[in-house]
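Asker: In this text, residue positions in the sequence shown follow this note's numbering: the first is 12, and each later residue adds one.
A virtual CB, placed ideally from N, CA and C, is assigned to each residue, including glycine.
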Amino acid sequence: MSEPLLQRYWTPPQETIELLELHQIAHEFRQEQAHREAWQAYCRHYEELAQQHQQDHAAMQAEPNLFAFFWKKRGKA
Numbered sequence: 012m013s014e015p016l017l018q019r020y021w022t023p024p025q026e027t028i029e030l031l032e033l034h035q036i037a038h039e040f041r042q043e044q045a046h047r048e049a050w051q052a053y054c055r056h057y058e059e060l061a062q063q064h065q066q067d068h069a070a071m072q073a074e075p076n077l078f079a080f081f082w083k084k085r086g087k088a
């Protein structure tokens with residue numbers, strides 16, 4: 012009774028190898044895709060952070076430099 016089942020589900024070795032190779036390629040592709048998406052997210056985050064720092068720097072340039080004011084007073088005393 013097990014022979015018909017064995018014959019029914021038996022696949023040739025070459026077909027099995029091809030299926031495993033295809034599975035491996037698909038797995039590597041998904042890993043590469045996930046890696047690239049993570050890298051793009053990191054780059055977007057870094058770009059947004061750099062833009063925020065540039066805005067903060069521009070705002071600081073417009074403010075009066077209080078540190079230099081106090082430093083000059085200290086040097087005169």
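Comparing the CB of Ala79 with every heavy atom of the ligand HEM, is any distance shorter than 8 angstroms?
Answerer: Because no ligand of any kind appears in the structure shown, any question about the ligand HEM cannot be addressed here.
Asker: Measure the alpha-carbon distance for Arg41 versus Gln25 and round it to whole angstroms.
Answerer: Taking the Cα positions, Arg41 is about 24 angstroms away from Gln25.
Asker: On the DSSP letters alone, give me the boundaries of the alpha helix (DSSP H) that Trp50 sits inside.
Answerer: Pro24 to Ala73
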